[in-house]
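One structure is given below, encoded as structure tokens.
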DNA sequence: CTTCGTTCTAAAAACGATTAGAACACAGCC
DNA sequence: GGCTGTGTTCTAATCGTTTTTAGAACGAAG
């Protein structure tokens, strides 16, 4: 394996010049540049990243900590982030914290060990409470989850407003007893519940929200219980794609058809929501933009550590499908 | 930030002893060990990974190169791999090659630059042809895709047999004009098509297989065309979850119900397949086992570079649902 | 009391790059 | 010619570990 000194010898220059050409840090004359590049090509030289990282103290690596990559929302977001990262010659370390604060802490320590350039984090509730960027030895950008008063760079959906609009849509179509299953372990689920409650209260209706852990299994059983209550809700609203999946399965099990027997709406425009007859009304999240915005924010923060804290709020789009059709009277 | 020499000073020993205690490479006396560990804890010392990697020439990092993490199959597999990796204190670099041989080559070069301990690869067709582990400076384990004669460690589904069983299941339920949409860009799709064709031929039926690129969009339009042909197929078989999704959407668009109008079966036991009435019959892939087996194979190969080449073949399980119910006569 | 072997520790040499700071070349000016 | 300034290049120090090498300490055997 060729080393930098081999390249220097081949090009007839010093190792410093080779390094300068390759990193592009300082001015190098045209002739030297050409000779170095020729030597690099001739020897198929590739810098040793470990050595480079040790000396330069930069890793060009970022961390991405989410609850679970199998959650389709995070799958999409992570893909967007990785695409941008690799274009910029950055490495991405992906971590699944499983909503577990301890695991999350372990991974954040790991990020420190790796000396990452920055981290994109979807924090657990407990970490989000009182979150301060200054507590971390690297820049942090929050994604998907963020409180109103969190003083940190963040990219989020307009959760409250999206839930509000979704709820109003159901109300306007004649539904009144609207139940809501929301993920209580994340700030996002809570905010969506707030939006739902605001819409209900604003229309003189009584909110009936049930907290669930954001898993398909739990959502299914909880929804099953809800459906056995009297009077049965006229509509259900699910605060995330996974919960929506569980609720839909429960409706199947209970042999309830929508929208005839019960209306249905939720978050995340997953492929199957248009496949389940007659299609499920959802708020579509712009996952690609969320990911891109997050890494862009991180890039800027790395370049300008002292710049003002920014928050990017993206609007969710209401996709109306058959599951929320006007209620028969 | 504390360094190893600070720890040595605090413990009253040499830096070498500290290193030996922490890496566990050589024998150290009990008293020294205790003093070092105490000093490490007192100073909250964490070794600098860049320095360690430079000197030791090992990175404890593996690469995972798949076509697209958004493909649910790879999402599941990658999660399983990452879980095991982090337990072993390994880092994972995830790469999406998008079935693009050039991109795949770039990422493999990147793996060399990173000096990874090994790579788990789901290769494109062109790379798989004539694949030789010796051509790479690190151990490679193939996953999901592998030819009969590939001389490399690999973990795959019994594609041919699974497809055969799935096809026979349709035939036994009375279907005869069975069409097959298979992903032609991967070895896996081709093998499944082979299994399908074998079953058809073995029962005196004429296979009608159509190659598609393994995307939802292409599968949908291709299936749409297929459905307009006369006579219309009595059943359709899709060689992957994404293709199955496209086909299902096409049936929706054409207002065809299954199994009354047309039967349906495919690969990958995705959540929505049991949600779409009356449920879609599929071959369930043991994604978790696939991932675990792959990283286990890699670990063994790293420990014993000269051991014999292994191939792990996992059996797909037939999940019978409503979409393949016995044909009405 | 030496000699040998064992077990552990210390000092110093890698690992392969980046980057200060010194050195150099050259031009322009007095 | 000497001096200064500018732009480039070189030498050597440095990053923070691991690993090699040499040697100290100690006990047992002769």
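Chains as they are written, first to last, in our numbering: chain F, 1 to 329; chain B, 1001 to 1329. Just so it is clear, CB atoms sit at the ideal spot from N, CA and C, and this is done for glycine as well. Being a predicted model, the structure only gives us computed values, none of them experimental.
Excluding sequence positions up to five before and after residue 1035 of chain B, its CB lies within less than 8 Å of the CB of 1011, 1012 and 1013, all in the same chain and listed in chain order.
Residue-level contact by beta carbon holds for residue 1115 of chain B and chain F, with a gap shorter than 8 Å.
When Cβ-Cβ separations below 8 Å define contact, residue 252 of chain F makes contact with chain B. Within its own chain, the residues whose Cβ lies closer than 7 Å to the Cβ of residue 1196 of chain B, once the five positions on either side in sequence are excluded, are 1163, 1167, 1180, 1207, 1209 and 1237, listed in chain order.
Close partners of residue 1124 of chain B in chain F (Cβ separation under 7 Å) are lacking, with about 17 Å as the shortest Cβ gap.
The residue among B:1323, B:1304, B:1030 and B:1322 with its C-alpha nearest the C-alpha of residue 1153 of chain B is B:1304. For residue 74 of chain F, the enclosing alpha helix (DSSP H) stretches over residues 72 to 87. Counting every other CB atom within 10 Å of its CB across the protein chains shown gives residue 1144 of chain B a total of 16 or more, marking it as buried. When C-alpha distances from residue 1137 of chain B are compared across B:1115, B:1060 and B:1120, the shortest belongs to B:1115. In this structure residue 1223 of chain B is not in contact with residue 1189 of chain B, their Cβ atoms being roughly 15 Å apart against a cut-off of 8 Å. With distances taken between CA atoms, residue 1325 of chain B lies nearest to B:1172 out of B:1317, B:1172 and B:1288. Using a CB distance cut-off of 8 Å, residue 281 of chain F does not count as an interface residue toward chain B. Straight through space, the alpha carbons of residue 233 of chain F and residue 248 of chain F are spaced by roughly 14 Å.
Proximity of the stretch 1305 to 1319 of chain B to the stretch 1280 to 1289 of chain B meets the contact definition, three or more beta-carbon pairs being nearer than 8 Å.
If you compare the alpha carbons of B:1254, B:1026, B:1263 and B:1094 with that of residue 1062 of chain B, the shortest gap goes to B:1094. As summarised for the stretch 267 to 319 of chain F, the continuous alpha helix (DSSP H) elements at least 4 residues long and confined to that stretch are 287 to 303, given in chain order.
Residue pairing from DSSP leaves residue 255 of chain F without any beta-bridge partner.
For the stretch 71 to 88 of chain F, the residues whose beta carbon sits under 9 Å from a beta carbon of chain B are, in order, 72, 75, 76, 78, 79, 82, 83 and 86. Residues of the stretch 28 to 58 of chain F whose Cβ lies closer than 7 Å to any Cβ of chain B, in chain order: 46, 49, 50, 51, 53 and 54. Runs of the beta strand (DSSP E) lying entirely within the stretch 146 to 185 of chain F and spanning at least 3 residues, in chain order: 154 to 157 and 178 to 183. Within chain B, the C-beta atoms nearer than 7 Å to that of residue 275 of chain F come from 1248, 1249, 1252, 1272 and 1276, in chain order.
The secondary-structure analysis by DSSP pairs residue 1209 of chain B across a beta bridge with B:1180. At least one CB atom of chain F sits nearer than 8 Å to the CB of residue 1069 of chain B. Among the residues facing chain F, residue 1096 of chain B is included, as its CB has a counterpart in that chain under 8 Å away. Around residue 264 of chain F, the same chain offers 236, 258, 280 and 323 as residues with beta carbons nearer than 6 Å, after the five sequence neighbours per side are excluded. At a cut-off of 8 Å, the C-beta of residue 91 of chain F has a neighbouring C-beta in chain B. Of all alpha-carbon atoms in B:1169, B:1125, B:1204 and B:1170, the one lying nearest the alpha-carbon of residue 1191 of chain B is that of B:1125. Within chain B, the residues placing a beta-carbon under 9 Å from that of residue 216 of chain F are 1271, ordered along the chain.
Counting C-beta pairs closer than 8 Å gives fewer than three between the stretch 1041 to 1057 of chain B and the stretch 1066 to 1081 of chain B, which falls short of the contact rule.
CA-to-CA, the gap between residue 1256 of chain B and residue 149 of chain F works out to about 52 Å. Chain-order list of chain B residues neighbouring residue 245 of chain F: 1271, 1272 and 1275, by C-beta distance under 9 Å.
At the C-beta level, residue 33 of chain F and residue 18 of chain F stay beyond 8 Å of one another.
When only Cα atoms are considered, residue 300 of chain F and residue 155 of chain F end up about 14 Å apart.
Straight through space, the alpha carbons of residue 1293 of chain B and residue 1313 of chain B are spaced by roughly 10 Å.
Here residue 291 of chain F is not near residue 268 of chain F, since their CB atoms are 8 Å or more apart.
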